[in-house]
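S.K.: Numbering (UniProt numbering), first residue to last: 1 to 85.
Dropping the structure in here first, questions after.
In structure tokens:
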């Protein structure tokens, strides 16, 4: 059974329990002034990184997983929150 299914019908199995790590990074244009204080502002959008581990994926599951992120195959990834206002 699929854990996630995209709008395009690509299915992804559930990752290993406890393997999900999330980090957020923000690109800024700035540096430190003569007092050592950081001066700058964010540029662009925050980048979200999600790390997952899979014990075993079939070749078809791996192909589907990579297709989500491969723009040359029409892949894109959009995070949507439904009912979480």
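All C-beta atoms in this analysis are idealised placements derived from N, C-alpha and C, irrespective of residue type, glycine included.
Since the model is a prediction, treat every value here as computed from it, not as a measurement.
According to DSSP, simplified to helix, strand and coil, what is residue 63?
M.R.: The answer is helix: DSSP assigns residue 63 an H, G or I state.
S.K.: According to the Cβ coordinates, are residue 39 and residue 27 closer than 7 Å?
M.R.: no
S.K.: Can we say the stretch 27-37 touches the stretch 56-76, given the rule of at least three CB pairs closer than 8 Å?
M.R.: no
S.K.: Restricting to Cα atoms, I'd like to know which of 37, 46, 53 is closest to residue 18.
M.R.: 53
S.K.: To the nearest angstrom, how far is it from the Cα of residue 49 to the Cα of residue 21?
M.R.: 8 Å
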